[in-house]
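So the structure is just underneath, and the comments pick up after that.
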Amino acid sequence: MISEVYENDFLVLVKYDLNKTLLLECRKLDEALIEIEEAIDFVQKAGFNSPLQELYSSKAFISLLMGDIEEVGRYLKLADKIRSELKLVPVQLSSFYRSQLEYDLYLFEESQRHGNNLESSKSRKQAAKSLKMLLKTTQKVAQYRTESYKLKGVYYWLINKQKKALKWWYKAIKEGEHLGARLELARTYVEIGKRLLEPKSDYKIFNGIKAEEYQEMATEFFEEMNLKWDLKELSRTPIGG
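Converting from the sequence shown to this note's numbering requires adding 3 to each position, the first position being numbered 1.
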């Protein structure tokens with residue numbers, strides 16, 4: 004009887020996880036938040052702790068995408084507290100390290116933009132640490148591997164090592180093609196196109212493709228999949244017009 008209860012609880016958790024993951028990948032953020040809130044409520048009532056770590060990590064990532072930066076830090080702290088208390092496997096940790104790295108890179112770039120050298124140095128070190136942990140995790144978990152390579156490229160770009168950035172974006176493209184991760188591949192195209200058109204860019208063409216062409220390839224995929232959030236974000240970038 005007890006085993007049946009645990010089995011049913013596990014199936015409910017799997018359902019929430021699959022729904023949340025799909026909605027988040029498609030950037031249906033409001034719907035993903037509903038799934039996460041319901042999952043958190045279910046997990047807390049069931050007395051589970053470990054799933055909360057991943058749920059808070061996902062909520063942090065959504066907050067970052069929505070521009071609610073204070074909430075990002077709050078949810079990452081909640082996730083990190085659980086992470087430090089439990090022995091978790093890479094598949095459980097990958098979402099946390101991805102969200103943490105995205106947050107660190109955001110803070111790093113913002114500090115650069117505002118000329119805050121002290122904060123820039125601090126966030127750069129934190130980003131390097133988070134990047135190392137994410138890459139270590141994605142060696143064993145393929146889910147965020149393409150994204151981790153893309154983010155390593157972003158890190159190198161921000162520290163003005165553009166040639167290394169291009170190398171990692173090339174790896175992200177190849178990994179995305181190998182894994183069939185078309186969605187993340189398209190988002191990598193967006194990142195490359197955006198960076199190539201920055202005033203500080205030493206490159207206007209990468210791998211024989213112009214920045215505008217990377218945008219066009221991404222746009223074609225986003226339209227095909229009806230990914231409205233991505234199309235809206237792309238329209239806000241310099242290459243989006």
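A virtual CB, placed ideally from N, CA and C, is assigned to each residue, including glycine.
Item checked: The alpha helix (DSSP H) enclosing Q115, as first and last residue numbers -> As a first step, residue 115 must be located in the sequence shown, where it is residue number 112. From DSSP, the alpha helix (DSSP H) with Q115 extends over P93 to R116.
| query | Between the stretch 81-91 and the stretch 113-129, do at least 3 Cβ pairs fall closer than 8 Å? | reply | no
Query - is_contact[G183, chain B] using C-beta, thresh 9 Å - result: Annotation note: the requested chain B is absent from the structure, which comprises a single protein chain.
Need the endpoints of the alpha helix (DSSP H) that Q56 sits in, please.
Within the sequence shown, residue 56 is the residue found at index 53, counting from 1. Residues S53 to M69.
| Grouping DSSP H, G and I as helix and E and B as strand, with all else coil, what is K213? | One-based indexing of the sequence shown puts residue 213 at position 210. Strand at K213.
**Q.** Close beta carbons around Y159, own chain, < 7 Å, minus the five adjacent residues each side
**A.** Locating residue 159 in the sequence shown gives position 156, where the first residue counts as 1. Taken in chain order, the residues that qualify are K167, A168 and W171.
Taking M136 as part of the alpha helix (DSSP H), name the residues at either end of that continuous run. Stepping through the sequence shown from its first residue, residue 136 is reached at position 133. Element bounds for M136: N120 to T141.
Next item on the list: Could you please give the first and the last residue of the uninterrupted alpha helix (DSSP H) stretch that includes R239?
Entry: Here residue 239 corresponds to residue number 236 of the sequence shown, with the count starting at 1. First-last of the alpha helix (DSSP H) with R239: K231 to R239.
With DSSP collapsed to three states, give me the class of I162. By 1-based counting over the sequence shown, the position of residue 162 is 159. It is coil, neither helix nor strand.
Terminal residues of the alpha helix (DSSP H) in which A49 lies | Counted from its first residue, the sequence shown places residue 49 at position 46. Residues L32 to A49.
| Is the beta carbon of S61 less than 9 Å from the beta carbon of E74? | As a working mapping, residue 61 is identified with position 58 in the sequence shown. As a working mapping, residue 74 is identified with position 71 in the sequence shown. No; because the gap between Cβ atoms is not below 9 Å, this pair is not in contact.
Can you give the Cα-Cα distance for G196 and A145, rounded to whole angstroms? Start at 1 with the first residue of the sequence shown, and residue 196 comes out as number 193. Start at 1 with the first residue of the sequence shown, and residue 145 comes out as number 142. Looking at the two C-alpha atoms, the distance is approximately 25 Å.
- Sort out for me which residues DSSP pairs I208 with in a bridge. Here the question's residue 208 lines up with position 205 in the sequence shown. K213.
Next item on the list: Check whether the stretch 148-162 touches the stretch 175-187, counting contact only when three or more Cβ pairs, one atom from each stretch, lie closer than 8 Å.
Entry: yes
Please state whether the Cβ-Cβ distance between Y106 and G76 is less than 9 Å. In the sequence shown, the residue the question calls residue 106 occupies position 103. In the sequence shown, the residue the question calls residue 76 occupies position 73. Yes.
Q.
Helix, strand or coil for K90? Go by DSSP, reduced to three states.
A. Position 87 of the sequence shown, counted from the start, is the residue given in the question as residue 90. Here K90 sits in coil by DSSP.
### Message
Please state the DSSP three-state secondary structure of M228.
### Response
Here the question's residue 228 lines up with position 225 in the sequence shown. In the structure shown, M228 sits in coil (DSSP, three-state: anything other than H, G, I, E or B).
Legend entry - Close-in-space but distant-in-sequence residues of the same chain around L89 (CB under 6 Å, 5 per side omitted): Counting from 1 along the sequence shown, the entry for residue 89 is found at position 86. Closer than 6 Å at the Cβ level, and outside the excluded window around L89, lie S53.
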